[in-house]
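Undergrad: Numbering (the working numbering), first residue to last: 36 to 140.
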């Protein structure tokens, strides 16, 4: 019968535990059974960390102002578009001066 899922570990603690598991497995002094058990725990922690990172990424929002109800207008953060827009603004040449229709050349 499978064990119930373990309580989620805080991200930083999960990374520390993963680091410890990696060191134990690289050391090569564990038994095969213990190594498989540690590997299984590492896979579980890795999946948890990826899930936490995915959730955090979804929460990253860019505050863009207020909506019609007065609440925060949140939009997904798009760093590539923002940087490309900034670069384009810097590179954009100044528009030519407007010609006065009353002046003939």
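Built from N, CA and C at the ideal position, the CB exists for glycine as well.
Roughly how many angstroms lie between the CA atoms of residue 86 and residue 64, to the nearest whole one?
TA: Here residue 86 corresponds to residue number 51 of the chain shown, with the count starting at 1. Here residue 64 corresponds to residue number 29 of the chain shown, with the count starting at 1. Taking the straight line from one Cα to the other gives about 31 Å.
Undergrad: Among 57, 104, 106, which one has its Cα closest to the Cα of residue 80?
TA: Against the chain shown, residue 80 aligns to sequence position 45. Cα-wise, what sits closest to residue 80 is 57.
Undergrad: Unbroken alpha helix (DSSP H) runs of length 4 or more, entirely within the region 37-81: which are they?
TA: Complete alpha helix (DSSP H) runs here, min 4: 46-62.
Undergrad: Measure from the alpha carbon of residue 53 to the alpha carbon of each residue in 67, 72, 92, then state which is nearest.
TA: Counting from one through the chain shown, the residue named residue 53 turns up at place 18. When each option's Cα is compared against that of residue 53, the closest is 72.
Undergrad: Residue 76: which of 55, 89, 103, 88 sits nearest, CA to CA?
TA: Along the chain shown, read from residue 1 onward, the residue named residue 76 stands at position 41. Ranking 55, 89, 103, 88 by Cα distance to residue 76 puts 55 first.
Undergrad: Residue 74 to residue 103, Cα distance in whole Å?
TA: To locate residue 74, count along the chain shown from 1; it is residue 39. To locate residue 103, count along the chain shown from 1; it is residue 68. Residue 74 and residue 103: Cα-Cα distance of roughly 51 Å.
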